[in-house]
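Taken in order, these protein sequences are the chains called A and B. The first sequence begins at 77 in my numbering and counts up one residue at a time. The second sequence begins at 77 in my numbering and counts up one residue at a time. C-beta: ideal position from N, C-alpha, C; glycine also. In this text the structure is predicted, and so the values were computed from the model without any measurement. Have a look at the structure below before the remarks.
Number of protein chains: 2
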Amino acid sequence: MTFRLCYLLAASIFILLIPGLSEGGKLLVVPMDGSHWLSMKQLVLKLMDRGHEVVVLIPEVSWQMGKGQSYTVKTYPVDYTLEDLDNSFAEYLSVHLNSQPFPMNALALYNVSKRTFGVFLSQCNNIFRSTEIMQYLNQSDFDALLTDPIALCGATLANYLSLPFIFFMRGFPCSLHYDAPQCPSPLSYVPRLFTFNSDNMTFFQRVENALIALLELVYCNGFYEEGLKFSSQILQRDVSLLDLLNGASIWLLRYDFVFEYVRPVMPNMVFIGGINCAQGKPLPKEFEAIVNASGEHGIVVFSLGSMVSDIPMKKAREIADALGSVPQTVLWRYTGKVPSNLPQNVKLVKWLPQNDLLAHPKTRAFITHGGSHGVYEGICNAVPMVLMPLFGDQMDNAKRVESRGAGLTLNILEMTSEDMSNALKTVINDKKYKENIKRLSELHLDRPIHPLDLAVHWVEFVMRHKGAPHLRPAAHDLNWIQYHSLDVIAFLLAVVLLSLFISFKCCMFCCRRCCFKKGRTSKPAKSKSH
Amino acid sequence: MTFRLCYLLAASIFILLIPGLSEGGKLLVVPMDGSHWLSMKQLVLKLMDRGHEVVVLIPEVSWQMGKGQSYTVKTYPVDYTLEDLDNSFAEYLSVHLNSQPFPMNALALYNVSKRTFGVFLSQCNNIFRSTEIMQYLNQSDFDALLTDPIALCGATLANYLSLPFIFFMRGFPCSLHYDAPQCPSPLSYVPRLFTFNSDNMTFFQRVENALIALLELVYCNGFYEEGLKFSSQILQRDVSLLDLLNGASIWLLRYDFVFEYVRPVMPNMVFIGGINCAQGKPLPKEFEAIVNASGEHGIVVFSLGSMVSDIPMKKAREIADALGSVPQTVLWRYTGKVPSNLPQNVKLVKWLPQNDLLAHPKTRAFITHGGSHGVYEGICNAVPMVLMPLFGDQMDNAKRVESRGAGLTLNILEMTSEDMSNALKTVINDKKYKENIKRLSELHLDRPIHPLDLAVHWVEFVMRHKGAPHLRPAAHDLNWIQYHSLDVIAFLLAVVLLSLFISFKCCMFCCRRCCFKKGRTSKPAKSKSH
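Take a look at the structure:
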């Protein structure tokens with residue numbers, strides 16, 4: 077603890093001194109709505125603090141963006157309402173909460189994801205349709221563009237404006253965030269997203285991993301089809317997914333190998349997992365009172381993330397039952413109808429200071445949907461987790477925490493009240509979980525520089541040097557056959573086969589000569605007999 | 077300049093604050109003699125400053141080690157003299173300076189390298205033979221072992237003492253520093269050491285690269301044969317090169333991608349290229365006087381490294397001729413017989429403050445053998461280079477600098493006086509070289525943390541956490557076939573072929589049934605005719 081405090085003090089002084097160095101660049105930010113924005117906002121605020129002119133391009137209608145605008149905001153008109161946006165997400169979520177057999181579930185997921193992607197694509201369309209915005213962007217002399225590229229819009233805009241660009245993200249589907257920067261992903265120990273495998277796979281899991289990788293070739297092209305059509309139209313050339321993405325100067329990835337499986341990486345990937353973990357602040361009075369009243373048993377923090385604060389009543393009742401079975405006070409972020417069986421020890425709140433609560437020494441467990449922000453806050457504050465993944469990368473995150481022995485995963489669709497109660501009691505009472513998460517936390521926090529400062533450094537690096545071309549691998553100039561040396565293998569094989577063939581022919585020729593000689597010398601009688 | 081100064085100030089304060097955090101561990105250091113020791117010594121001194129107990133294990137007879145012992149030294153007796161050591165290096169160097177046709181040169185190099193390696197192996201043998209040393213090591217409770225592993229001794233000792241270990245190095249032959257941590261090295265754009273290719277290879281260079289990689293399978297096993305026999309004997313089990321090396325917790329590699337070709341890396345590789353670049357200090361009076369007297373033309377710094385200060389007289393005369401052709405004052409580190417044609421503008425010195433001279437604004441060029449320390453000092457101080465590589469990785473280093481347009485390479489065996497004169501004039505007068513090295517320098521120095529502090533962090537990390545098992549890829553648990561998914565490919569191929577075969581058989585069966593039916597219905601007459 078002393079170590080961490082001293083470290084933070086030293087780091088703060090180091091960072092306080094740095095602002096004097098920055099000469100003030102001009103950065104365009106194209107963010108992604110929803111929870112994606114939460115950690116990017118911290119980076120934007122820090123860059124503002126350091127004297128840069130940061131312009132955030134946001135739609136007039138959004139969930140998380142636009143609030144608390146201490147940064148410069150440029151809004152563009154959109155052709156949908158907040159209700160449309162909410163309905164789109166509600167539809168997306170409902171598909172995840174509906175239990176359907178395979179392959180119906182996969183197909184439904186694919187279709188709803190494509191429709192949700194369509195909403196973000198329409199945002200992008202709105203930017204390029206707005207003459208005022210485009211005129212502003214063309215006339216502003218930006219040094220670089222920072223974007224969460226999941227919806228491709230930032231990458232399209234950066235290519236259009238010929239700006240060096242930085243990606244800030246958790247990950248693409250289909251491992252595009254590894255394929256685009258030409259990073260090898262050996263299928264034998266690097267599990268593909270959504271397989272829920274660990275890095276230690278059985279033979280059949282490895283077969284599954286290979287099949288999923290093959291399937292992804294179709295999946296992502298289909299998924300991004302409309303987006304690519306749009307980008308091609310804007311950039312007036314045919315662009316593939318990799319064309320559009322491989323120009324990123326730096327990939328700021330919200331990953332840390334304490335939590336992620338170890339794998340090859342590239343020098344222009346910067347790992348900033350845990351960037352959202354702030355130091356715990358004192359709790360607001362009403363929360364402080366609840367925590368203090370919890371006695372020796374302490375509290376449990378329960379949140380399904382910034383996007384989900386309501387669930388079907390049947391599920392809510394089951395969960396309420398389970399929460400009543402533990403002696404801890406449970407703080408549950410929930411905005412739905414109050415379940416009639418809500419136990420005494422459960423306090424429903426519309427919002428909670430998640431990181432500050434997790435940092436409180438009385439917190440015994442964290443019930444989470446497994447979103448990456450929450451999981452990193454759980455790790456930073458060393459709180460064992462019960463994970464109920466809903467969508468996106470959450471199942472993979474949950475499996476990673478479980479594989480490290482720092483939490484237990486439940487299937488929210490199939491779990492019973494008893495399952496949840498057991499899981500919660502286990503992570504609280506079995507010391508192994510607390511020990512494991514404490515070890516992960518210590519490893520995660522023992523780093524030479526805070527992820528936020530690292531992200532700031534690399535954004536400024538790209539602004540100062542107009543990109544980072546020295547970190548671009550020469551692999552980008554090779555085609556698939558050349559990259560995998562298939563032409564070299566074919567050539568060497570041809571040389572070997574030709575050599576063998578010539579040697580064989582020579583041997584045959586020599587043998588024939590010998591036989592012929594023998595024939596001439598040893599069997600003259602026979603010749604004569606004809 | 078202001079930027080760099082502010083940055084260094086901030087970094088220094090950050091680092092000054094950190095010592096208070098360290099709780100003082102106990103580190104065993106097994107270094108490598110020669111220039112290898114120069115930058116490791118800086119790390120050792122810094123770790124000492126931070127309150128750790130650092131024990132450096134060195135032979136009684138050595139070139140560079142043992143001097144200025146502010147660190148704790150433990151010496152062990154050896155069965156050779158300093159003269160033996162010098163003769164061994166002289167023999168090693170002479171093979172490089174003798175022009176022989178291929179494959180005689182390659183064979184001679186292989187043999188002399190193996191003999192030189194034998195000297196370092198005998199050092200290792202001496203450690204394990206010394207009862208006193210082994211007793212001391214067994215009884216001391218070290219937290220970790222830091223070693224330059226090129227001669228395998230440190231890795232053997234760490235395995236023997238079951239200590240977590242950190243490698244500090246420039247690189248192994250045969251890319252072992254990538255193979256051992258399971259880092260992919262695509263042959264299509266990652267040039268093997270000693271091929272002198274860049275990352276942008278023609279088809280035939282790629283063929284050459286593949287053939288060299290094949291050859292290395294034989295080369296390194298032969299080269300390290302005796303060393304592995306020794307390690308197997310000590311560890312009482314059969315160890316392969318990869319077995320011995322893959323346990324390293326962290327690989328501190330003296331690489332920077334400003335200078336190196338971009339390629340995949342692994343999370344436990346930490347890049348500390350330029351760790352040896354200190355901020356330029358004021359020059360000693362005698363050097364200050366020479367530099368000041370050089371007038372508007374400035375000076376040229378000429379050194380063939382810490383190990384080579386003498387060359388054959390014929391070569392020395394040629395070089396002296398070339399140096400006389402430029403108006404700059406040349407400071408040449410040279411201890412041999414003074415060439416009779418030594419021009420007025422050349423000052424011979426037995427030692428020179430290389431980094432401080434390179435940092436002087438009057439320095440116009442750096443003539444170097446291309447050792448990695450010198451090259452990084454050239455980059456840090458933005459001085460264009462003329463490179464005359466002698467041995468080891470120097471030719472590769474030289475080619476890298478040349479490929480970045482920051483210097484010119486000469487073949488010391490074949491160059492004429494005119495070649496050298498032309499090269500020197502070109503790098504001084506063609507502004508392109510100064511611009512390129514300035515750009516490299518700016519990119520290299522723009523980093524979030526100084527390489528020395530980064531190295532300190534990771535050594536302390538391993539000491540604090542008894543290793544870094546969370547950075548060990550699961551690939552270590554796979555065999556070659558599994559790693560490359562050959563079993564999965566074979567299985568999937570078998571399934572596809574079997575499916576095709578069954579489908580084909582079914583089709584055939586159906587066809588036959590159809591034909592048979594047709595036969596029975598349409599040709600009854602013929603049947604009857606029999």
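The C-alpha of ASN163/B is placed about 15 Å away from the C-alpha of ASP109/B. Around the beta-carbon of VAL462/A, 16 or more other beta-carbon atoms lie within 10 Å, marking it buried. Under the Cβ distance rule, PRO524/B counts among the residues neighbouring chain A, one pair being separated by less than 8 Å.
ASN276/B reaches chain A at ALA550, ASP553, counting residues in chain order whose Cβ is nearer than 8 Å. Looking at the DSSP output, TYR152/A sits in a beta bridge with PRO135/A. At a C-beta separation below 7 Å, PHE333/B has these neighbours in chain A: PRO343, HIS546, LEU547.
Contact annotation: VAL130/A and LEU103/A have beta-carbon atoms nearer than 8 Å.
Counting every other CB atom within 10 Å of its CB across the protein chains shown gives CYS353/B a total of 16 or more, marking it as buried. The contact set of TYR265/B on chain A, defined by CB atoms closer than 7 Å, consists of PRO549, ALA550, ALA551, LEU554 in chain order. Nearest to THR485/A by alpha-carbon distance, out of THR502/A, HIS546/A, MET464/A, is MET464/A. Counting along the chain, PHE378/A sits inside the beta strand (DSSP E) bounded by residues 375-379. If you draw a straight line from the Cα of ASP472/B to the Cα of GLU453/B, it comes to about 17 Å.
Per DSSP, ARG205/B is one residue of the alpha helix (DSSP H) stretching across 180-205. Around the beta carbon of GLU362/B, fewer than 16 other beta carbons sit within 10 angstroms, so the residue counts as exposed.
Sequence-distant Cβ neighbours of LYS190/A in its own chain, meaning closer than 7 Å and more than five residues away, are PHE299. The three-state reading of DSSP puts ALA550/A in helix, counting H, G and I together. Using a Cβ-Cβ cut-off of 9 Å, HIS541/B is close to ARG515, GLU518, LEU519, ASP522 of chain A, given in chain order. THR502/B: member of the alpha helix (DSSP H) spanning 493-505, first to last residue. By the Cβ test, the stretch 334-345 of chain B is in contact with the stretch 248-268 of chain B, since at least three Cβ pairs between them sit closer than 8 Å. Contact residues of the stretch 230-247 of chain B toward chain A are absent (C-beta to C-beta distance below 7 Å). Per DSSP, the continuous beta strand (DSSP E) segment holding LYS423/A begins and ends at 422-425. Taking ILE226/A as reference, the option from ARG313/A, ASN285/A, LEU329/A with the minimal CA-CA separation is LEU329/A. With a beta-carbon spacing of about 6 Å, SER111/B and HIS449/B fall inside the 8 Å limit used to define contacts.
At a cut-off of 8 Å between beta-carbon atoms, ALA286/A makes contact with chain B. With a threshold of 8 Å between beta carbons, ASP529/A makes contact with chain B. Chain order gives no chain A residues near GLN470/B, where near means a beta carbon separation below 8 Å; the closest approach is about 22 Å. A straight line joining the alpha-carbon of TYR152/B with that of PRO107/B spans about 13 Å.
Three or more Cβ pairs drawn from the stretch 316-332 of chain B and the stretch 227-235 of chain B lie within less than 8 Å of each other, which places the two stretches in contact. The beta carbons of ARG409/B and VAL425/B sit about 6 Å from each other, so the pair counts as a contact at 8 Å. Its chain contains SER497 as the residues whose beta carbon lies nearer than 6 Å to that of SER401/B, once the 5 sequence neighbours on both sides are disregarded; these appear in chain order. About 7 Å separates the beta carbon of LEU133/A from that of VAL105/A, a gap short enough to meet the 8 Å contact definition. By alpha-carbon distance to CYS200/B, the top candidate from SER307/B, MET124/B, ASN297/B, PRO179/B is SER307/B. For ILE242/A, the uninterrupted beta strand (DSSP E) run begins and ends at 241-245, by DSSP. C-alpha of TRP534/A to C-alpha of ALA365/B: approximately 42 Å in a straight line. For THR271/B, the three-state secondary structure derived from DSSP is coil.
For HIS128/B, there are no C-beta contacts with chain A under 8 Å, since the nearest C-beta of that chain is about 15 Å from it.
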